[in-house]
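In this note's numbering, the protein residues as written are 323 to 606.
Every residue, glycine too, gets a C-beta built ideally from N, C-alpha and C.
Worksheet: the structure to be examined is printed underneath.
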């Protein structure tokens, strides 16, 4: 089991007038190789939770285990954890700072103690993984498009060869094409390398299309946890906590109410098209 969160609570500014509980008795297990979507309204605790997973925030109470080891144990190396559990923040391009793309991506591996040659090899491999050709290696990261900057920032984490990749709103601010390109690349990486991916997103369409499991946070607690079809079955409850299901869910529900014998649990455009086509074949 890659990551395990057990009875985790977190309180901001504990003991002050600004005290606020961000996580309440969270229990989760994320196995190796799973593609997980983490959703919730603003302030639901999802970003706080992912920062616990690589030790950036320490739980007020509870335990977190990585590959069976307590990350709060005295002998546990937080540096090693952060090399294995990579976190890409929202708008990660704001963290680019070197004069050229290759040097920027080399920063992580060098910090882990790799030689210049080893770091460059890992950086080049990571850049190719995210679709950045060698013609960009010597380019200034500040002259790239928004989507390209995002790819370079993700490559900077991949160059450290993480076993778990956490992405906090990786497509925020991108146009639809840039969003699809980034998520397609992440999905391909997850399948080819078998890494665990945790995708924090506000887009129900994105999580429905890419992930195999959805965790819904609400006021610091896990409200739902299951396959997309299972979670979006509760679309009315999701609306009550400020979320929604994908548009296809509402379309299929509307068709059902109008007498069409369709699969109302279709969550992607492809699934909806197949369900409608199957219904039409039966009625023709």
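Whole-angstrom distance between residue j and residue i, CA atom to CA atom
i	j	result
residue 543	residue 472	30 angstroms
residue 464	residue 457	15 angstroms
residue 430	residue 603	55 angstroms
residue 361	residue 538	5 angstroms
residue 343	residue 434	34 angstroms
residue 516	residue 484	11 angstroms
residue 548	residue 574	20 angstroms
residue 331	residue 402	24 angstroms
residue 410	residue 558	31 angstroms
residue 369	residue 392	21 angstroms
residue 354	residue 438	30 angstroms
residue 415	residue 468	8 angstroms
residue 524	residue 363	8 angstroms
residue 590	residue 351	26 angstroms
residue 346	residue 326	15 angstroms
Under 8 angstroms between C-beta atoms of residue i and residue j
i	j	result
residue 466	residue 474	yes
residue 481	residue 452	no
residue 407	residue 388	yes
residue 536	residue 519	no
residue 568	residue 530	yes
residue 382	residue 336	yes
residue 470	residue 357	no
residue 607	residue 459	Residue 607 cannot be examined here, being either before or after the span of the chain that is shown, 323 to 606.
residue 329	residue 349	yes
residue 522	residue 497	no
residue 588	residue 594	yes
residue 551	residue 563	no
Where the alpha helix (DSSP H) through residue i begins and ends
i	result
residue 605	591-605
residue 359	Unbroken run through residue 359 is the beta strand (DSSP E), 357-361; no alpha helix (DSSP H).
residue 476	468-480
residue 560	557-562
residue 579	569-579
residue 565	Taken as a continuous stretch (DSSP letters only), residue 565 belongs to no alpha helix (DSSP H), as it is neither H nor E.
residue 462	It is not in any alpha helix (DSSP H) - residue 462 carries neither H nor E in the DSSP assignment.
residue 369	368-375
Residue i - DSSP class collapsed to helix/strand/coil
i	result
residue 549	coil
residue 425	helix
residue 488	strand
residue 586	coil
residue 452	coil
Residue range of the unbroken beta strand (DSSP E) whose run includes residue i
i	result
residue 535	535-540
residue 351	342-352
residue 325	325-334
Min CB distance residue i to chain D below 8 angstroms
i	result
residue 437	Absent from the structure is chain D; it holds one protein chain and no more.
_In chain order, what are the residue ranges of uninterrupted beta strand (DSSP E) at least 3 long that sit wholly in the segment 381-439?_
Qualifying beta strand (DSSP E) stretches, in chain order: 383-388, 407-410.
_Residue ranges of each beta strand (DSSP E) within the segment 484-532, 3 or longer_ = The qualifying runs are 486-490, 518-522.
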